[in-house]
Every structure is written in C-alpha cells, then in structure tokens.
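A.B. asks:
Structure follows, in structure tokens:
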C-alpha cells in the first residue's frame, strides 16, 4: 500500500487547486472501474438471436436459392438496416442515460485554497480536507480531524447494523489502514453513512485503494431490473412470437398440401410471422423511458427509477416540506426579541441589551454551520473561535441544540431550538411560559420562524453530561424569515387545477406554517394538525383527519410515515418530499418519493424515486406535467404499433385463406417495419404535452398504461385499414388489373394509411397542421413517399417488389382511401374536441 504524500503544514486549510490537480493525475480519479458495457459487438450478437433477424435471414437464403438475387440482397440489406436501427436507438438511450449519470454523480464538500467548495466525489484526492455531516455517505477513506458527536453506520463493510462512534485523530497518532469496525476510532471509510453529527476529515485513500474498492462493492455492478411494464411486454412478445411461428408452420403446411408449392408456402409463412411480431414494443419502451428520464432531468427532476414515470400521472396528493421547497431556503435573521426590550429589527444596529442574546445564539450554533439558521446567526454574530467543549445534538425528545464552551474554570453552555424545548430547559413558571408563548405566536403569525435561546454557567465536568439537569436562564427569541419562492403560488394553483391537492408538512411552528401556506395558495380552511396530535391519533382517526387537512406543523420526520400511510389508506396516490435520514421510510412508503438534490441526504436520495436537482416546488409540478406527457405519448405509440400490425398481418394471411395471390412478400413487410420504427420512437416521443394535460384529474391509479381499452382501439383502427386496403386489392383484381398492379396499389394505400394513422394518433386536436414540431413527421412521410415512388417507377426495384405502377386515377383513389382509413380516428377526435373548446 502506498501512503499519501505529505500534507500542508495546516491541513484544515485543505489543498490548493494546483496541488489537487497534480494529485488527481498521480493517483487517478476517486471512482471504481465502470462495469463493462455491451458495445456494438454485444448489440450485434443480441440482434442475431432475435426472431425477426432469423426470419429475415431464412427468407433471404430462400430467395438466393431460387435465384432471385435482387430479392435476396434486399432482404439482407433489410436485416443490416434493422441491426443499424437497434444500434442507433440504443446509442440514443445510452447518451440520455450518460447525461443522467452525470447529473446524479455524487458531490463532496471540500476545503480548497482555504475556502469551502462543492466538487465531484470523482475528483477527490488523498490529502483533501472534506466536510461531512449527518445523512451523507463518506466519499473516500479518511481520518477524522475535527467534529462533534459523529456516529457512522459501517454495516456495508462490517455487517454490523449498530452505528459506531468516532473520535478525533490524536496529535501524535499515525495514519494507518486498520480493518473497519470498533467504537472510538478516528477512521472513516468510503461508502459508509454518517448517522449523526458533523466533522472535518482528511482523505487517505481514493478509488480502488479504499476498503470499498478493494472488496469490489459498487452499486454500478448491480444490473437494473426490468420494470413491471417491461416484463409484461416481454411476456406479450413471447406469446406473440410463439403464435407467429405457429401460424408460419400452418401456412407452410397449407400451401404445400393444397397448392403443392412448398417454397412459396415457406415465403408466405415467413411473411406472416414477420408481420405478427411486434418487435417495436421493447424498442419503443426503452427509448421512451430513457429519453423521458432525460427530459425530466432537463426540468431539474432526476428519475432514479423509470417505473415512476408511470406513477406521475396518477398522483393525487403532493406532500411537500416548507423550507427550501416552497421557500428559497435563504434563511435570514430578521429580528431579535428580549424580555423588557421588545423587538430588534435586522439588518440594522444591535443595541447593547440584545448583544448577550446574539452572543449566546452564536455559542449555540455549529462552528462550521450546515443548518441555514446556524448560518444566519453566524452571518450576524461572526465566526466561532475555538472548539466546543461538548455538543449535544437535537433529539426527538429535546428539539434544542446545546453546546458548551470553556470559560475560565467553568463552562458556558448555550441552548438554541424550538421555543417549547428551550422553555422546558429553563423550568419557567406557567405564567411566564404563557407570556413567552404569546410572543412566539405573535412573531410566528407574521410567517417568521422562531427559535428560543438560553444559557447557563456550570462546572466544566457537568457540561459534558445530559443538559436536561442544567439550570438554564432564558435569553430571548430569534426570528428568521425564509421568503416564499416567487413561482410557488402559480405552481400550487396549477397542481390544484390538475386535481392534485398540495399538503405542506413542516417541523415549523403552526402559526408560521399557516402563514406560509396561505401565501402559497394551499388550502388552510381545515386548520393545522401538529405532530403531538398525530402521535395521539389512531390509524382510523388519522385517516379521517388527513382527508381534509392540508397543513401539518411540528411534524417529526418519523411521523411523516404515519401521514403517508393514512393518506394511502384513504385512497390517495401520494408523492412525498424529504431530505433527511429519517425521511427515508416515508419516501420509501410513498407511491412517489421525491428527495431534495441540493440539501437532501444520500440516504434520502437512495430511498426516493425522483430527485429534485434544484429543490424547487415548481420543478415537481413541471415533472408531473412532463410525466403525463410521456405517459400519454407512450400509450399512443403502443396503440399505434398494435394498430399497424393488424393490417400487415391480415394482408399476409387473408389472401391465402381466400385463395388469392399474395399481397405481400417478406420485402414488403420489411420495408413497412423500417418505416414503423422511426415513426414510433421519434415522432410520438417528440409530441408536446396535451393542452389540457394539467386541466384534468389524475388518471385512476389502477389504470394500466396499455390495457384492454388501448388494445381494442388498436385492433379497431387496424381492422379499418385492413378492410379498406383488402377491398382495394380485391376490387383491383376483379376489375381485371394484373396481380403486380393490384399489389402496387395495395402497398401504396397501406403506406399512406400507416402515415395517416401515425399523424392522427400522435397529433393533439387543434394543433396547426404544419406546426414546427411536426417537421420530423413530414420528413419521414416525404422519405416514405419517395421510397414508394422509386419502387413503382424504377423497373429493377419494381421487379424486386413484384409490383407494377397502377394507373394514376386508381393510384390516387387508393392513396385517398388509405389516408381516410388511417386518419378517420383523428377526424373523430377533432370533431369531439371542437364543442369542448367552444364551451371553454
């Protein structure tokens, strides 16, 4: 093992940027090796095993054996293009996922050039000084230089579920590489979780040099499991594949037995099998889920699980925190209050009578503050000098932060926290406590966050004991303000119009919570429910209360789980935001867990389905809109795939049953499939959100993405096209046109119907015909029209496809019938939408 290079004389200042860059080149990135990806060779091998490719190869070989060089080469080209499409679409998905991985990359707070910065964990080097806090995963193997009450969960390395306490590295203690485990050690290990406290650590080892790297544990090595929708689709394709091969065998036997033409029967059977296989399904799903997640990320919403895209459109209750989500998380000390001296507005001069209050508030704030209110106090009172003698962090039964400092032979102990907790520490008489409570309520009613401050002087040994026994003296109140984000009221109104009720769950004072909720536009008519009341209510009573309540105050993180379960029991589809370690159970229990990306802890992000990269409430609502768009467009695309396979398969089978010349050969089906794939994966995915997407209630939670209704609609749309094109073919034969002419007419009509159906199925009624976002569709349509024209007009191509150019009047009629058979659904939607728009 190579020990890191010597560190600067004052390690708490961190490395310089130049030194960090030099060490990054010397030691390499702080990352484990990337898992191997399939790449182009792997994709090629996977495609070679696909039934569609095998059928194309067999058909090409049959044509070559028959001496039809053109047909055989065309099918070989079709197989190559099909492989190219898979590689191209997979590359698009990989690029989208790579962008997501970059956005999701963990970061670390590090001291560089003597200042605090946030850098990628990937760029940490040995010797870096990092700041760690509760809820964060340690980014590298380190040693603890400074901190307070730091405990770490090392179960990922040791299997021991009980967190272990850490101590500071001794002045003469050498840096080493001991085994993980054991209490009261200064060693911190990559991948372990800080469960309490905060500290300053120096990085010893990075990347594969860490304990985690050496034993090969990495989330990157875990293969992602397919979603429920992907598993369902895979089963559907499997059954349809068996059906396709079964029909293929039946057609071959029927041809051979009834017509004595086994080769023609094999070609007809292969044609039918290719037509029946909906090989677009997995491609469409993969593209929509990858690009949909990428589009969500551009809205500052990172989807950690693709299945959540399905759930977004069904959310009925959106539970959000106040601080940082509805507000700017820009806490500012707005005022001080001390008994007998009244309010002191800030910013502004602080009178001598309030200096003691401000000083003790600073003593009860972390030396290197992470909490916004600690930072606000430090901005006014200045940075701390020295190191605390003892620190007593917040506990569920004592919502106050207590810190002791050496002061001569004694210790000065300062407490800062929830007014009721600090008043309890001061043991005030009831009348005095009531009077102070009235002052707290007065300040909170203005939307201010109120904390109380107390102090005591005790012998130094007593300062390290439980502060509950210390006789504190009340100092005064601190009033903080966190302005409401400017875009919140509009976003709340949009959510309510979309049938999503917004509930605010906060640890703040009830009056403050109500003031912020009113300003945000959240329904406050039912009042507020406090954490103490939640604790007293049973499951049934709580379920009744959450039905009408939208504001919850003084809620402990553990109580969020009870609220989520009560809302779920009442039939709501719950989306829940959270940022702390204790929020993880609620995030896991909610239908949609949403973690804060900027101020959220690692464990909260790991439990969540979505991560807000900017912590803004408007991003959640934007994510719901985009989720509804993705859901609607994916449903349309899958319906279209089913619809267009009906006429392709029907035209391959029905003429055989009627004893007519075949309409299609394998090359026709292959060409149609090459048009279908880009239309599905590009045109449908690029469609914008429906105009009324956020004006209608959420879809029922149990409504599937692709269910019987969509299947029947697809079959109906396809059956209309089948009937129209088959009628054109039969009438053309009855009118005396030769088989190749009738085939060319039917093929042209089906291509026109295919494109018309794609346009009608994807387009939102009322959108301009030549809307800019449809340029891609028109490009694909122009390309398809050019291909059909070349086939009909160029004799060698016409010979390969066994078609002859129909008379222009017949061709015009055939194309018109095809457009009507594919576009009737769009005309019906347009007719139904006009009265609704007129009424609106």
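Numbering (the working numbering), first residue to last: 249 to 1088. Every residue gets a Cβ at the ideal spot worked out from N, C-alpha and C, and that includes glycine.
1. By the DSSP assignment, the beta strand (DSSP E) with residue 1127 in it spans what residues?
2. Straight-line CA distance for residue 893 to residue 490?
3. Within 10 angstroms of the Cβ of residue 1019, are there 16 or more other Cβ atoms? Answer buried if so, exposed if not.
4. Confirm, please, whether the CB-CB distance from residue 739 to residue 612 is below 9 Å.
5. Going by beta carbon distance, what residues of the same chain come within less than 6 Å of residue 876, once the five residues before and after it are set aside?
6. As a quick exercise: from 788, 592, 395, pick the residue whose alpha carbon is nearest that of residue 651.
7. If you draw a straight line from the alpha carbon of residue 801 to that of residue 426, how long is it in whole angstroms?
8. Within 10 Å of its beta-carbon, does residue 401 have 16 or more other beta-carbons around it, so buried, or fewer, so exposed?
9. With a 10 Å radius around its C-beta and 16 neighbouring C-beta atoms as the bar for buried, classify residue 363 as buried or exposed.
10. With respect to the alpha helix (DSSP H) encompassing residue 1042, which residues constitute its N-terminal and C-terminal limits?
11. CB residue 979 to CB residue 899, shorter than 9 Å?
12. If you run the structure through DSSP and keep just helix, strand and coil, what is residue 573?
13. Apart from the five residues just before and just after residue 275, which ones in its own chain have a Cβ nearer than 7 Å to its Cβ?
14. DSSP three-state label for residue 1070, please.
15. For the 8 Å Cβ check, are there 3 or more pairs between the region 1035-1044 and the region 960-976?
16. Please work out which residues of its chain come closer than 8 Å, Cβ to Cβ, to residue 782, disregarding the five sequence neighbours upstream and downstream, and give them in chain order.
17. Pull the bridge partners of residue 778 from the DSSP assignment, please.
18. Below 7 Å CB to CB, which residues in the same chain sit around residue 1068 once its five sequence neighbours on both sides are set aside?
19. Which residues bound the alpha helix (DSSP H) around residue 667?
20. Just reading off the alpha helix (DSSP H) that residue 903 is part of, what are its end residues?
21. On a Cα-Cα basis, can you pick out the residue from 884, 932, 1012, 277 that is closest to residue 959?
22. Might you give, ordered along the chain, the residues of its own chain that have their beta carbon closer than 8 Å to the beta carbon of residue 1051, omitting 5 neighbours on each side?
23. If you count every other CB in all the chains shown that lies within 10 Å of the CB of residue 1017, and 16 or more means buried, which is it?
24. Opposite residue 664 in the DSSP bridges: which residues?
25. Specify the secondary structure class of residue 360 as computed by DSSP and reduced to three states.
26. For the region 567-574 and the region 744-756, state whether three or more C-beta atom pairs, one from each stretch, are separated by less than 8 Å.
27. Quick check on the DSSP output: the beta strand (DSSP E) that includes residue 591 runs from which residue to which?
28. My assumption, with CB atoms under 8 Å, is that residue 382 sits in contact with residue 445. Please give the rounded CB distance.
29. Where in the region 806-842 do unbroken runs of the alpha helix (DSSP H), each at least 4 residues long, occur, reported from the N-terminal end onward?
30. Below 8 Å CB to CB, which residues in the same chain sit around residue 687 once its five sequence neighbours on both sides are set aside?
31. Contact check, residue 629 vs residue 610 under 8 Å by CB: the rounded distance?
32. Quick one: residues in its chain with C-beta nearer than 8 Å to the C-beta of residue 367, no 5 flanking neighbours on either side, listed in chain order?
33. With a Cβ-Cβ cutoff of 9 Å, do residue 564 and residue 911 count as a contact?
34. Using a 10 Å radius around the Cβ and a threshold of 16 neighbouring Cβ atoms, would you call residue 871 buried or exposed?
35. From the DSSP secondary-structure annotation, give me the bridge partner or partners of residue 753.
36. Answer yes or no: do residue 977 and residue 927 have a C-beta to C-beta separation smaller than 9 Å?
C.D. replies: In short:
1. The requested residue 1127 does not occur in the structure, where the chain is confined to residues 249 to 1088.
2. 16 Å
3. exposed
4. no
5. 561, 941
6. 395
7. 46 Å
8. buried
9. exposed
10. Element bounds for residue 1042: n/a, residue is neither H nor E.
11. no
12. helix
13. 373, 374, 454
14. helix
15. no
16. 790, 800, 803, 807, 810, 811
17. 801
18. none
19. 667-674
20. 865-906
21. 884
22. 988, 989, 991, 992, 995, 1039, 1040
23. exposed
24. 649, 701
25. strand
26. yes
27. 590-593
28. 6 Å
29. 832-837
30. 585, 725
31. 4 Å
32. 355, 356, 358, 360
33. no
34. buried
35. 800
36. no
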